[in-house]
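Quick note on UniProt numbering: the sequence shown kicks off at 183 and runs consecutively.
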Amino acid sequence: LEWIASHAAMKVENARLYHTLTRTNAELDEAVKARDTFIAIAAHELRTPLSTLKLHAQMLRRFATRSPETFTPEMVVSRLGSIDRQVNRLDRLIDQLMNVSRIIDGGLAPSLEPCDLCQITRDVLSRFEQALADAGCQLSLIAPESVQGVWDLERLDHILTNLLSNAIKYGGGHPIELRIHADARRAQLAVIDRGEGIAPADVERIFGRFERVISSRQTKGMGLGLWIVRSYAESLGGQVHLQSTPGKGSTFTLDLPRHAPSR
Ligand code: ADP
């Protein structure tokens, strides 16, 4: 009996070891795959604006050296405007990549301070004036004067920036609504668009890393924004919910405790 018991214990131990080893291998494979995808997508996304920048720089040089007589101020202004947009895009991409590596490295402790969600929203909106005008898009903000809480200002700014730029990108130029609502314990911010919407099967998936909806392939993006949004919302003790109807639009709601838990 003793022999059987010790033999069985050994088998369980072996099985556990085997399980740990195989699980570790599978996890390792997944990590390697995620890293490779990350590098491939990041390189691709960074190269596109860089190629456009190079093209504009070459055109400007050619104009200036070979045929300065055809070189009108409007042409220069238009090329410089394009260069400016591509530099902004590169800036946003690098910002996203840095956020991802910060989250992966476990640097998720928020730096909490008293702040006003409505003020942060107005500040973010002021940066979007040009993008909204370019998309021919109206935006209305329905919010009280102020909603105070203890949050991480930079993360709230980042969450809002991502949700808003998605609403513009996928909103098809239709009006966008931003609503802020709060009670004594929680604050909610909803970004509502009337764009293409998201199929029920994709609603959870798009919060994953590098996940995009097939129909979005025409638009630029790495599929990282919502993953960062969710990670940041959770780091503040909150959540992000999505309600969407294909063809009618989407509502992304950020739900936060007014006093984010410190870690
Ligand atoms: P990106 O926009 O860079 O691809 P995100 O993580 O922000 O990455 O979004 C993931 C995907 O979710 C997008 O590629 C798009 O397919 C879909 N998506 C996000 N926001 C919206 C929206 N407001 N309306 C429709 N689809 C959206």
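Where a beta carbon is used, it is the ideal one built from N, C-alpha and C, also for glycine.
Other residues of its chain near residue i: CB distance less than 7 Å, five sequence neighbours each side excluded
i, result
"residue 437", "368, 370, 420, 421, 423"
"residue 389", "408, 409, 412"
"residue 439", "367, 368, 419, 420"
Residue from the options with nearest C-alpha to residue i
i, options, result
"residue 392", "426, 326, 220, 385", "220"
"residue 342", "291, 394, 415, 285", "415"
"residue 306", "250, 321, 294, 293", "321"
"residue 431", "441, 374, 229, 384", "374"
"residue 258", "326, 366, 242", "242"
"residue 332", "397, 294, 236", "294"
"residue 413", "267, 269, 334, 325", "334"
"residue 358", "338, 324, 387, 384", "324"
"residue 338", "363, 411, 249", "411"
"residue 363", "435, 280, 266", "435"
"residue 260", "238, 387, 279", "238"
"residue 417", "444, 394, 404", "444"
Contacts around residue i, its chain only, beta-carbon distance under 8 Å, and the 5 residues preceding and following it disregarded
i, result
"residue 217", "none"
"residue 271", "231, 402"
"residue 352", "375, 377, 378, 398, 401, 432"
"residue 301", "328"
Beta-carbon contacts of residue i that lie in its chain and below 6 Å, excluding the five residues immediately before and after
i, result
"residue 477", "What the structure shows of the chain is the stretch from 183 to 445, and residue 477 is not part of that stretch, so it cannot be assessed."
"residue 317", "350, 355"
"residue 447", "In the structure as shown, the chain begins at 183 and stops at 445. Residue 447 is therefore absent and cannot be evaluated."
Boundaries of the alpha helix (DSSP H) in which residue i is found, first to last residue
i, result
"residue 308", "299-309"
"residue 415", "407-417"
"residue 257", "255-286"
Residue i: first and last residue of the uninterrupted beta strand (DSSP E) it sits in
i, result
"residue 427", "421-427"
"residue 432", "431-439"
Are the stretch 207-226 and the stretch 367-387 touching, with three or more C-beta to C-beta distances below 8 Å?
-> no
Would the stretch 241-260 and the stretch 424-431 be scored as touching if the rule is three or more Cβ pairs under 8 Å?
-> no
Segments assigned alpha helix (DSSP H), at least 4 residues, entirely inside the stretch 303-376 = 311-316, 335-352
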